[in-house]
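Asker: Below are the structure tokens for one structure; questions will follow.
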């Protein structure tokens, strides 16, 4: 199952995440089955590895990726060549990430 939590209201985002955590199952095993990744630094291979790790004595794992959407936002001024390269890289990352997410189980 995939949830995307996004917005300016950190309190509501936190509450939504806590609700998801409560719905996962055995709360005693939640920490062992939760991984948080930095979306600014993670690679698709890291995401795959974490998502494909079997849960420990539970039905599901929780993978939290923080800051992934900000990774694709435009940054400050840079040369035209750097912008073109960045846009191309972002398009490739979007496609790869989208392809991977589409094959995740419900």
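Residue numbers (full-length UniProt numbering): 1 to 106.
Ideal placement from N, C-alpha and C gives every residue a C-beta, glycine not left out.
1. Where do the N-terminal and C-terminal ends of the beta strand (DSSP E) with residue 64 fall, by residue?
2. Are residue 29 and residue 57 touching if we call contact CB-CB under 7 angstroms?
3. Which ranges does the beta strand (DSSP E) cover as unbroken runs of at least 3 residues, wholly within the stretch 28-58, from first to last along the chain?
4. Are the CB atoms of residue 4 and residue 36 within a distance shorter than 7 angstroms?
5. Report the residue from 69, 98, 21 whose alpha carbon sits nearest the alpha carbon of residue 41.
Answerer: According to the structure shown:
1. 62-66
2. yes
3. 34-38
4. no
5. 69
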